[in-house]
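Scroll down for the structure; my scribbles are underneath it.
2 protein chains.
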Amino acid sequence: MKFSIASRVSAAIAAMVFLTGCEQKDQTPVAAVPDTEVRTLGMGQHLQRHSTLTQINKDTVKRLVPVWNYSLSDKRGQESQPLVIDGVMYVTTHKSTIALNPLTGKQVWKHEIDYPPQTPRIVCCGIVNRGAAIDGNKLFRTTLDAHVLALDLETGKEVWKKEAIDFKTGYSMTVTPLIANGVVITGMSGGEYGTRGFLDGWDPETGERLWRRYTTAAPDEPGGDTWPGDTAMAGGGPTWLTGSYDPELDLVYWGTGNGGPWNAEFRKGDNLYITSVLAMRPKTGELIWYYQFSPNDPYDYDGVNELVMAELEVDGKPRKIIMQANRNGFFYVLDRETGELLKANAFVRQNWAEGIDMKTGRPIESEITKHMRATSEKVEIWPSALGGKNWMPMSYDPERKMVFANTLNFGWTYKPLQPSYRAGVFYMAVDWAFVFSEEQRGYLKAIDPLTGETKWQQGSKIPSFSGTLNTAGGLVFSGAMTGEFQAFDSDTGDKLWEFQTGSGIIGQPITWAKDGRQYVTIASGIGGAYVLFSGDERLASVPAGGSLWTFALMDD
Amino acid sequence: MKFSIASRVSAAIAAMVFLTGCEQKDQTPVAAVPDTEVRTLGMGQHLQRHSTLTQINKDTVKRLVPVWNYSLSDKRGQESQPLVIDGVMYVTTHKSTIALNPLTGKQVWKHEIDYPPQTPRIVCCGIVNRGAAIDGNKLFRTTLDAHVLALDLETGKEVWKKEAIDFKTGYSMTVTPLIANGVVITGMSGGEYGTRGFLDGWDPETGERLWRRYTTAAPDEPGGDTWPGDTAMAGGGPTWLTGSYDPELDLVYWGTGNGGPWNAEFRKGDNLYITSVLAMRPKTGELIWYYQFSPNDPYDYDGVNELVMAELEVDGKPRKIIMQANRNGFFYVLDRETGELLKANAFVRQNWAEGIDMKTGRPIESEITKHMRATSEKVEIWPSALGGKNWMPMSYDPERKMVFANTLNFGWTYKPLQPSYRAGVFYMAVDWAFVFSEEQRGYLKAIDPLTGETKWQQGSKIPSFSGTLNTAGGLVFSGAMTGEFQAFDSDTGDKLWEFQTGSGIIGQPITWAKDGRQYVTIASGIGGAYVLFSGDERLASVPAGGSLWTFALMDD
Chain A
120 MKFSIASRVS AAIAAMVFLT GCEQKDQTPV AAVPDTEVRT LGMGQHLQRH STLTQINKDT
180 VKRLVPVWNY SLSDKRGQES QPLVIDGVMY VTTHKSTIAL NPLTGKQVWK HEIDYPPQTP
240 RIVCCGIVNR GAAIDGNKLF RTTLDAHVLA LDLETGKEVW KKEAIDFKTG YSMTVTPLIA
300 NGVVITGMSG GEYGTRGFLD GWDPETGERL WRRYTTAAPD EPGGDTWPGD TAMAGGGPTW
360 LTGSYDPELD LVYWGTGNGG PWNAEFRKGD NLYITSVLAM RPKTGELIWY YQFSPNDPYD
420 YDGVNELVMA ELEVDGKPRK IIMQANRNGF FYVLDRETGE LLKANAFVRQ NWAEGIDMKT
480 GRPIESEITK HMRATSEKVE IWPSALGGKN WMPMSYDPER KMVFANTLNF GWTYKPLQPS
540 YRAGVFYMAV DWAFVFSEEQ RGYLKAIDPL TGETKWQQGS KIPSFSGTLN TAGGLVFSGA
600 MTGEFQAFDS DTGDKLWEFQ TGSGIIGQPI TWAKDGRQYV TIASGIGGAY VLFSGDERLA
660 SVPAGGSLWT FALMDD
Chain B
120 MKFSIASRVS AAIAAMVFLT GCEQKDQTPV AAVPDTEVRT LGMGQHLQRH STLTQINKDT
180 VKRLVPVWNY SLSDKRGQES QPLVIDGVMY VTTHKSTIAL NPLTGKQVWK HEIDYPPQTP
240 RIVCCGIVNR GAAIDGNKLF RTTLDAHVLA LDLETGKEVW KKEAIDFKTG YSMTVTPLIA
300 NGVVITGMSG GEYGTRGFLD GWDPETGERL WRRYTTAAPD EPGGDTWPGD TAMAGGGPTW
360 LTGSYDPELD LVYWGTGNGG PWNAEFRKGD NLYITSVLAM RPKTGELIWY YQFSPNDPYD
420 YDGVNELVMA ELEVDGKPRK IIMQANRNGF FYVLDRETGE LLKANAFVRQ NWAEGIDMKT
480 GRPIESEITK HMRATSEKVE IWPSALGGKN WMPMSYDPER KMVFANTLNF GWTYKPLQPS
540 YRAGVFYMAV DWAFVFSEEQ RGYLKAIDPL TGETKWQQGS KIPSFSGTLN TAGGLVFSGA
600 MTGEFQAFDS DTGDKLWEFQ TGSGIIGQPI TWAKDGRQYV TIASGIGGAY VLFSGDERLA
660 SVPAGGSLWT FALMDD
């Protein structure tokens, strides 16, 4: 009897649910989640951009809606990763630093940088800033005119401002500072302008520079013999993306960029330490170990991409590793204690190398690269100067042991030219053009870091330059150059949700929680290298205009 | 027995609904609504801004969410009313005209105006455009540099462009054109620059000017005796807000603005036809009747506010009326066949007049106005130059016979000065300052048009300069200068819903429907006279940045 009533009740409920258009699955009350902040770039020192939050998940994501929008009053590209600390959200544009109420989007304070009129002319690949770092009561950021700025966290007032270098000769800064063992570490941009790369360590209290490490070895330094003459002094090796820090090992890992000029015949030799990872002590900048991805790199294959830390079993042995999806098309796994190369596999279409020699750690250059080097004739190389993956950060899911990355699928024609250096002007010495021969110019890929293999991929005709975020809810968040903010199924790559944000997305999504509710935040605002150099006419209909978005589940 | 099961079932359902957080009331499947477009300014020739759509209503509005956003790539104020015609949405900014897919927010085409560098300097009250008019296969709009532009509706390509007047002497155009009996009618702005107001009628095909009607009577014209000497020739009477058109009577109703300079002692007399409504034949501009609200107006009380048409029973007699919430603080109802004044009652705090003499139709000036006129001493006058209501259009609910308007609640100090005219420079001849002595500087009011009485009001410390929209769903939509797009209960004024749109709202909401679903669209982007002149520091934290929003009910 009880059973009978119960089943009739169930049927009635089912009917009711159907009639009201209210599906139980979607409307299951979402469990409250613990308060979760985003205190660093990469959502943790490991830069995994993984969240354990599950309120927004494969089932509920269809109820994800905007909860507020905030105009960034800026038509440039928005690449900044927001932070959420002690109930306040912080975000940067190339000229503003903004504190907001994360629940309402209301501005708390705004600091504006007053740039010299000529600043924007010497930034290669877009007028952007990638975000702030926060330590104690201060926020640290870099500026396009190569200064480091410390702002009071409560008021936004300037505490100190230091010039890293004279920007007029081709330097700029867009990098998020890294806080490591009480030191503020910053890199620089300008690898296309005949600059010399470096990293600086700053005292957070006073702004005093504690150390500088150049990334190209001067003639009288160890490694100086890998450069002809004084070519190292304008040899590139920029440090324009933020490294990671392992507090247990007290090691900072920082990638370095391309050699300058691109034409590598002008700088015969390995050119230490371009296109490398440097493992350093944060207090001093002392170099503990390094690994060079692309010795004498001719192809603008910066090694700056984010170095994600994880604990992985590699060939049966647990390892503390760092991994990088390199511009050169290979996915590297290194032992982060020793720098030992553990894995290096292609993760995109590439033809410049046969592979990586696991004994020497050096790429085995392909016939086509050898031909170019021997003859200076025009060749078609994959991936292009923008790489198999550009700066947009991948995320790592420690449960699925899988990386989610927006990858690029186009090549370029390449012919080396005679270089001529002039301060503040492009210094490439290469005749080049992109080769867009495939319909899908990019793929969001789930990549096995140990094999480089793609578990699933989602193609896009216009490649995405958005960072990714993954959650224990089984979702990967990403954004499209045409403005759609998107959620994909972590296991299948199926697109489960999207929302049109007004401009193109080239930002870094984060997720956080407050008062039991999970939020996702992303900046929208088209810009960056692809827009500048691709000539992709399909982007002509995507309007400029920066704004910050926060989403949560519809709360009814 | 049956009863018993049923009640257990009900209880179980109730429990289930409670547990799942799924309230039946909210989840009732929304009824599909018929396709509804927005083909004109004011959502119909009557300018009532009323919609019969009921899908979004008092019960469902809490499930209203953004469906897309589109960046207008413009940091100026966004006052434009979008149109939705034949499945395409059209919107303007001061420099762009944009066609979009209304369901996705994807740009179809965009036309940009290339302004002379000096244009922005001679616009008194904000760099804006209020929207386009569409007729056949052409879109018509005005430009800041006083041109009328016809664009091809399908491609956005320019069909013709005509100069209305040389903008350099203080003229500008922000007005939405009016299409009436096959004529494109445009007004002008510049009442603060010693201009002479006019209306133009244009041939939509060729751009040929068919007629011009000046709004100040030259010395040799009828009404010329209401101006001393040649003062009419720089006497103001601008026509910067769009009139309405009754096709049955073939009459266009158009309001005229303030006299120039503001100091009225310089132009003793009634100053026909400033601060008036003109009823004209659209084919010729012939004046059929007129009514002057504020003869010899000294207070910048433009009579330009929207003239809403309705059929109302007035004192027991059905009337075709037009109504206006005038800047001067009085709500006017006129017979639109004859121009007979039917009602004129104060709808806000005012002290410049005792009332309106219903026999003569003239205001009875108060002692304080008489004192100012007699002595030229400083007085405190309510409302201020921005009026009891500024340009932001009210809406009229024909079921409730109620008007919903954002009204202003502040005064000004006023002292007439000796005028001196210089082309392209403010020509006011008044020493003035706003008086913000009340905490609520504005009210959203439900006003009975026949009595001017307030049925309900919602105060706001920062006054709203948003248009309103009302629906048969019992909702009034409006926006806040701080960015919240809001829905109020038409019967009580209770705020039922809001969403933060990123910048301040000074736009004109519309609602429309496609494929059974009701949408609401509004532009966000702070700007306008209050921001420019109020010195309200609370707006310093509202970022600039224009974008277009479309909302609908969460569809789960």
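Chain order of the listed sequences is A and B.
With my numbering, letter number 161 in the first sequence gets 280, and the count goes up by one each step, no holes.
With my numbering, letter number 155 in the second sequence gets 274, and the count goes up by one each step, no holes.
Even glycine gets a Cβ: it sits at the ideal position worked out from N, Cα and C.
Requested in this report: Helix, strand or coil for Gly140/B, going by three-state DSSP, please let me know.
Outcome: Reading the second sequence from its first residue, position 21 is the one you call residue 140/B. Its pLDDT being 39, under 50, Gly140/B is placed unreliably in this model, and the value from its coordinates should be taken loosely. In the structure shown, Gly140/B sits in coil (DSSP, three-state: anything other than H, G, I, E or B).
Query raised in the report: To which residues of the same chain is Glu340/A closer than 6 Å at the C-beta, ignoring the five residues directly before and after it?
Result: The residue you call residue 340/A lines up with position 221 of the first sequence. Taken in chain order, the list of residues that qualify is empty.
Query raised in the report: Between Asp567/B and Met511/B, is the Cβ-Cβ spacing less than 8 Å?
Result: Within the second sequence, numbered from 1, the residue matching residue 567/B stands at position 448. Within the second sequence, numbered from 1, the residue matching residue 511/B stands at position 392. Taking 8 Å as the Cβ cut-off, Asp567/B and Met511/B do not qualify as a contacting pair.
Query raised in the report: Taking the DSSP output, what are the residues bridged to Pro185/B?
Result: Taking the second sequence and counting its residues from 1, one reaches residue 185/B at position 66. DSSP, once it has assigned bridges, lists Phe670/B as partnering Pro185/B.
Query raised in the report: What is the rounded straight-line gap between the Cα of Ala283/B and the Cα of Asp416/B?
Result: Your numbering for residue 283/B matches position 164 in the second sequence. Your numbering for residue 416/B matches position 297 in the second sequence. Rounded to whole angstroms, Ala283/B to Asp416/B spans 27 Å at the Cα level.
Requested in this report: Identify every residue that forms a DSSP beta bridge with Glu231/B.
Outcome: To locate residue 231/B, count along the second sequence from 1; it is residue 112. According to the DSSP secondary-structure assignment, Glu231/B is paired through a beta bridge with Ser215/B.
Query raised in the report: Are there 16 or more other CB atoms within 10 angstroms of the CB of Asn256/A, so buried, or fewer, so exposed?
Result: As a position in the first sequence, residue 256/A is number 137, starting the count at 1. Looking at its Cβ environment, which holds fewer than 16 other Cβ atoms inside 10 Å, Asn256/A is exposed.
Query - Short CB-CB distance (under 8 Å) between Gly224/B and chain A - result: Residue 224/B sits at position 105 when you count from the first residue of the second sequence. Output row for Gly224/B: interface = yes.
Report task. Using only alpha-carbon positions, find the residue among Leu672/B, Leu658/B, Phe670/B that is nearest to Lys225/A. Result -> The residue given as residue 225/A occupies position 106 in the first sequence. Here the closest residue by C-alpha is Leu658/B.
Query raised in the report: Hey, would you say Asp421/B sits closer than 8 Å to Gly310/B, going by beta carbons?
Result: Residue numbering aside, residue 421/B sits at position 302 when the second sequence is read from its first letter. Residue numbering aside, residue 310/B sits at position 191 when the second sequence is read from its first letter. Yes; because the gap between Cβ atoms is below 8 Å, this pair is in contact.
Query raised in the report: Could you give the residue range of the beta strand (DSSP E) that holds Ala299/B?
Result: Position 180 of the second sequence, counted from the start, is the residue given in the question as residue 299/B. Counting along the chain, the beta strand (DSSP E) containing Ala299/B begins and ends at 297-299.
Query - Same chain only: Cβ atoms within 8 Å of Ala265/A, ignoring 5 sequence neighbours per side - result: Counting from 1 along the first sequence, the entry for residue 265/A is found at position 146. Here the set comprises Glu282, Ala283, Ile284, Asp285, Phe286, Tyr290, Ser291, Met292, Met307.
Report task. Please report the residue range of the beta strand (DSSP E) in which Arg332/A lies. Result -> Within the first sequence, the letter at position 213 stands for residue 332/A. Arg332/A -> beta strand (DSSP E) spans 328-333.
Query raised in the report: When DSSP labels each residue in this structure, what does Leu594/B get in the three-state scheme?
Result: Your numbering for residue 594/B matches position 475 in the second sequence. Looking at Leu594/B - three-state DSSP - the assignment turns out to be strand.
Query raised in the report: Would a check of beta-carbon distances place Tyr209/A closer than 8 Å to chain B?
Result: Taking the first sequence and counting its residues from 1, one reaches residue 209/A at position 90. Answer no: the Cβ-Cβ gap between Tyr209/A and chain B never drops below 8 Å.
Query raised in the report: Are the stretch 525-533 of chain B and the stretch 497-504 of chain B touching by the rule of at least three beta carbon pairs closer than 8 Å?
Result: These segments touch.
Query raised in the report: Where do the N-terminal and C-terminal ends of the alpha helix (DSSP H) with Ala648/B fall, by residue?
Result: The sequence position of residue 648/B within the second sequence is 529, counting from 1. Where Ala648/B is concerned, the enclosing alpha helix (DSSP H) starts and stops at 648-652.
Query raised in the report: Closest Cβ-Cβ distance between Gln469/A and chain B: below 8 Å?
Result: As a working note, residue 469/A is residue 350 in the first sequence. Chain B, which has no Cβ nearer than 8 Å to the Cβ of Gln469/A, makes this no.
**Report entry** Unbroken alpha helix (DSSP H) run spanning Ala493/A, endpoints
**Finding:** The sequence position of residue 493/A within the first sequence is 374, counting from 1. Segment 486-494, the alpha helix (DSSP H) holding Ala493/A.
Query raised in the report: Which chain B residues are close to Trp187/A, counting only those with a beta carbon under 9 Å from its beta carbon?
Result: Counting from 1 along the first sequence, the entry for residue 187/A is found at position 68. Those are Gly602, Phe618, Gln619, Thr620, Gly621, listed as they occur along chain B.
Requested in this report: For chain A, find out if any of its Cβ atoms is closer than 8 Å to the Cβ of Gly664/B; answer yes or no.
Outcome: Counting from one through the second sequence, the residue named residue 664/B turns up at place 545. Yes, its Cβ sits closer than 8 Å to a Cβ of chain A.
Requested in this report: Have a look at the DSSP bridge pairing and note the partners of Gly374/A.
Outcome: Your numbering for residue 374/A matches position 255 in the first sequence. According to DSSP, which records beta bridges pairwise, Gly374/A is partnered with Val396/A.
Query raised in the report: Given that a residue counts as buried once 16 or more other Cβ atoms are within 10 Å of its Cβ, and exposed if not, what is Met442/A?
Result: As a working note, residue 442/A is residue 323 in the first sequence. That one is buried.
**Report entry** Other residues of its chain near Gly683/A: CB distance less than 6 Å, five sequence neighbours each side excluded
**Finding:** Lying outside 120 to 675, the shown extent of chain A, residue 683/A is not represented and no answer is given.
Query raised in the report: DSSP three-state call for Val676/B: helix, strand or coil?
Result: The displayed coordinates of chain B run from 120 to 675. Any statement about residue 676/B would go beyond what the structure contains.
Requested in this report: Could you check the C-alpha separation between Val302/A and Val423/A for me, to the nearest Å?
Outcome: In the first sequence, residue 302/A corresponds to position 183, counting from 1. In the first sequence, residue 423/A corresponds to position 304, counting from 1. Approximately 20 Å between the Cα atoms of the pair.
**Report entry** Spatial neighbours of Gly342/A in its chain, beta-carbon cut-off 6 Å, leaving aside the 5 residues before and after
**Finding:** Counting from 1 along the first sequence, the entry for residue 342/A is found at position 223. Answer for Gly342/A: Ala336, Leu391, listed in chain order.
Query raised in the report: When burial is assigned at 16 or more other CB atoms within 10 Å of the CB, is Pro643/A buried or exposed?
Result: For the purposes of this step, residue 643/A is identified with residue 524 of the first sequence, where counting begins at 1. Per the sequence shown, residue 643/A should be read as Ser rather than Pro. It is buried - the Cβ of Ser643/A has at least 16 other Cβ atoms within 10 Å.
Report task. Taking the CB atoms as reference points, tell me whether Leu588/B and Ile629/B lie closer together than 8 Å. Result -> In the second sequence, counting from the first residue as 1, residue 588/B sits at position 469. In the second sequence, counting from the first residue as 1, residue 629/B sits at position 510. Yes.
Requested in this report: Would you mind telling me which residues of chain B sit closer than 8 Å to Val184/A, beta carbon to beta carbon, in chain order?
Outcome: Looking up residue 184/A in the first sequence gives position 65. The contacting residues are Val184, Pro185, Met673.
Report task. Would you tell me roughly how many angstroms separate the C-alpha atoms of Tyr540/A and Gly665/B, rounded to the nearest one? Result -> Translated into the one-based positions of the first sequence, residue 540/A becomes position 421. Translated into the one-based positions of the second sequence, residue 665/B becomes position 546. Whole-angstrom Cα-Cα distance: 42 Å.
Report task. Taking only the alpha-carbon atoms, compute the straight-line gap between Gly320/A and Glu405/A and give it to the nearest angstrom. Result -> Position 201 of the first sequence, counting from 1, holds the residue named residue 320/A. Position 286 of the first sequence, counting from 1, holds the residue named residue 405/A. Rounded to the nearest angstrom, the two C-alpha atoms are 11 Å apart.
Query raised in the report: Measuring CA to CA, which of Lys387/A, Leu297/A, Glu324/A is closest to Trp359/A?
Result: Counted from its first residue, the first sequence places residue 359/A at position 240. Comparing Cα positions, the closest option is Leu297/A.
Query raised in the report: If we cut at 8 Å on Cβ distances, does Ser199/A have a partner in chain B?
Result: Locating residue 199/A in the first sequence gives position 80, counting from the first residue. Taking Cβ atoms only, chain B never reaches closer than 8 Å to Ser199/A, which makes this a no.
Query raised in the report: In this structure, does DSSP put Leu258/A in helix, strand or coil?
Result: Along the first sequence, read from residue 1 onward, the residue named residue 258/A stands at position 139. In the structure shown, Leu258/A falls within a strand segment according to DSSP collapsed to helix, strand and coil.
Query - Helix, strand or coil at Arg386/A according to DSSP, with G and I counted as helix - result: Counted from its first residue, the first sequence places residue 386/A at position 267. Of the three classes helix, strand and coil, the one that applies to Arg386/A here is helix, per DSSP.
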